[in-house]
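Below is one structure, written out as structure tokens; the observations come after it.
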Amino acid sequence: MRIQSSHIDQYNASAIKVHENNYRITKELLAQKSIDADAVVEKLRQFQIAIPSWALGAGGTRFGRFSTGGEPGNLEQKLDDIGLLHALTRSAGAISLHIPWDIPRDAQAIKQQASELDIVFDAMNSNTFQDQKDQALSYKFGSLSHINADVRKQAVEHNIEVISYGQALGSKSITVWLADGSSFPGQLNFRRALDNTLRSLQEIYAQLPADWQLFIEYKPYEPYFYSTVIQDWGTSFLLANELGNKAYTLVDLGHHLPNTNIEQIVSTLMYRGKLGGFHFNDSKYGDDDLTVGSIKPYQLYLIFNELVYGLENNTAQNPAPAWMIDASHNLKDPLEDLIQSLEAIRLAYVQALIVDRQGLWDAQLNNDVSVGQEILQDAFRTDVRPLLQEARLRSGGVIEPIKAYRYLNIRQQLIKERGSVTVATGL
Ligand SMILES: [Mn+2]
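Taking the numbering used here, the leading residue of the sequence shown gets 40, the next gets one more, and so forth.
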């Protein structure tokens, strides 16, 4: 199914009056704080977030998987789904592919389809965390860190192959996430595993095209429960520094131990120009992959506060980070869940844009703790939703995406087209 502009106009006609009034009030409110609402809206219109190809079906847990029906069964249908999201929200103009789940059989045709949907190819993702059919050597005991050089070679070659798939599509980056680690003390020699990982990454990096970036993702535990080879931002940062100026750290919100100060990690990485990308999700206990902003919206806002500050004071020339949602959908319709995540990310971004930076700096100069907190919370407590609606409207999207999604019966249409028992590839 494709959304026509007449569908969008039809829905917006029913919501425009209320929206115009809300936007006018918000604009006046911000003007009192010397903030130009229209300028914020224009910045927001430029802000695009990539959707990973694996987030469009029901993810499931190790206990069960409950399909929503109408799930995309191949790469073309996944692109179509992101096309739907982008048509409604005008903020999901990029896809992040996973190899081998989404090997493009005909790169030209896939590129053509993406361009019709106004979608570009964000970071490619390699997979050495599971064994594929016909794979010669197993990753059960690691991949880039493996004790056996042949396994490492196989994993290195896979990553190089992923880069070449990405080149054919116009992607400019690869994200490496390793499941490598151990579940029991004594299983692994830490130093040996890290050294093997660095050497393997160096072999991949040597094949990285000049205009590409390599992102190193970290995670403290899972699937192994005693140690992970790239366990934290410090280890990722160390590896990125060893590799060179095309290598960066990637922060996944769910890949931290409870109560980690993620905003401070963001600040430190940007201070050194090494923040390459961001994976958004939310969690209560671990790597829960819940809807962005559903559990800890204030933390998300504080992270964006550092991102915006870092980009406005970019002394280390940190490149624009790659933004991606990395979530799993077990209960909700994946497309509705992604719409909610897009909304939460963009809300946090706008709230960070309207922070009184000079006031905050003055409060910090005077060690005025109360005023510092007041300034941060004032932006967080400002209802900026009308700005998001206005940005969508100006970009040709819908004022209220979830309501429009239901109004247009999109899931029912997809079930009609694809059936109710489809399973998205790779899940
Ligand atoms: Mn991730």
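In this text, a Cβ means the ideal position worked out from N, Cα and C, and glycines have one as well.
Less than 9 Å between the beta carbons of L83 and V389, yes or no?
yes
Under a three-way DSSP split, which group does L314 fall into?
Under the three-state reduction of DSSP, L314 is assigned to strand.
Proximity to I213 [Cα-Cα], best of I149, D234, A286
A286
With a threshold of 8 Å on Cβ separation, who are the neighbours of A176 within its own chain once the five nearest residues in sequence on each side are excluded?
Here residue 176 is Leu; the residue named in the question, Ala, does not match the sequence. So the qualifying residues of the chain are N187, D189, V190, Q193.
Which of helix, strand or coil DSSP assigns to W362:
strand
With DSSP collapsed to three states, give me the class of S266.
Three-state DSSP puts S266 in a strand.
Thinking T65 and D422 are a contact (beta carbons under 8 Å), I'd like their distance in whole angstroms, please.
7 Å
For the structure I just gave you, are there three or more beta carbon pairs, one from the segment 79 to 97 and one from the segment 109 to 127, closer than 8 Å?
yes
Three Cβ pairs or more, each shorter than 8 Å: is that satisfied between the segment 306 to 325 and the segment 358 to 371?
Yes, since at least three Cβ pairs between the segment 306 to 325 and the segment 358 to 371 fall closer than 8 Å, the two stretches touch.
What does the alpha-carbon distance come out to for the pair S322 and I334?
6 Å
If you follow the alpha helix (DSSP H) that I414 is part of, which residue opens it and which one closes it?
408 to 419
Could you please give me the residues that DSSP links to S212 through a beta bridge?
Q252
Run the CB neighbour count on F264, radius 10 Å, all protein chains shown included, and call it buried at 16 or more, exposed below.
exposed
Measuring alpha carbon to alpha carbon, tell me which residue in E155, I47, Q43, L227 is nearest I438.
I47
What are the start and end residues of the beta strand (DSSP E) that includes Y287?
286 to 291
When you compare only the Cα positions, how much space is there between I393 and E429?
Those two C-alpha atoms are separated by around 16 Å.
I88 by DSSP, collapsed to three states: which one?
It is coil, neither helix nor strand.
Find the nearest neighbour of A146 within the set D271, D328, A162, S203, judged by alpha-carbon distance.
S203
Using alpha carbons as the reference points, say which of P262, G220, G99 lies closest to N369.
G99
Does the beta carbon of W362 fall short of 8 Å from some heavy atom of ligand 1?
no
Does DSSP put M40 in a helix, in a strand, or in coil?
It is coil, neither helix nor strand.
Please tell me whether T288 and Y244 are closer than 9 Å, where the distance is taken between their beta carbons.
no
Using a 10 Å radius around the Cβ and a threshold of 16 neighbouring Cβ atoms, would you call D234 buried or exposed?
exposed
Would you say the beta carbon of D141 comes nearer than 8 Å to a heavy atom of ligand 1?
Checking the Cβ of D141 against ligand 1 gives no.
Which residue from L381, V462, S53 puts its Cα closest to that of R424?
L381
For H368, verify whether its CB is less than 8 Å away from any heavy atom of ligand 1.
False, no ligand heavy atom lies under 8 Å from that Cβ.
Would you list the one or two residues that DSSP bridges to F160?
I134
Limits of the unbroken alpha helix (DSSP H) element including G349
Start and end: 336 to 351.
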